[in-house]
Amino acid sequence: MTAFLFREEDRLVITLEFWREEHLLNHPEDAGTVFVVEIPAEEFVGILDRIAAALDAG
């Protein structure tokens, strides 16, 4: 997978593209598709904080 993150004002735009042969053999419809996610930056930071806390607790 290739992923990029861009900031647009107070939002983040994350692009994802699958390129591993194993994935594309099982999901040929994903070939050449770029998936785009938009999320408020503050919400993304909250997600990262919760992940870090869970990893620290484990």
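At position 54 of the sequence shown (counting the first as 1) the number is 54 in full-length UniProt numbering, and the numbers step up by one without a gap. Where is the CB? At the ideal position from N, CA and C, for every residue including glycine.
Asked                                                                                                            : Found
Between THR15 and THR33, what straight-line distance do the alpha-carbon atoms span, to the nearest angstrom?    : 10 Å
When DSSP labels each residue in this structure, what does ALA31 get in the three-state scheme?                  : coil
Rounded to a whole number of angstroms, what is the C-alpha to C-alpha distance between ARG50 and ASP30?         : 30 Å
Using CA coordinates, which residue listed in PHE6, GLU9, GLY46 and VAL13 is at the minimum distance from GLU38? : VAL13
Taking the C-alpha atoms as reference points, what is the distance between THR2 and GLU22?                       : 15 Å
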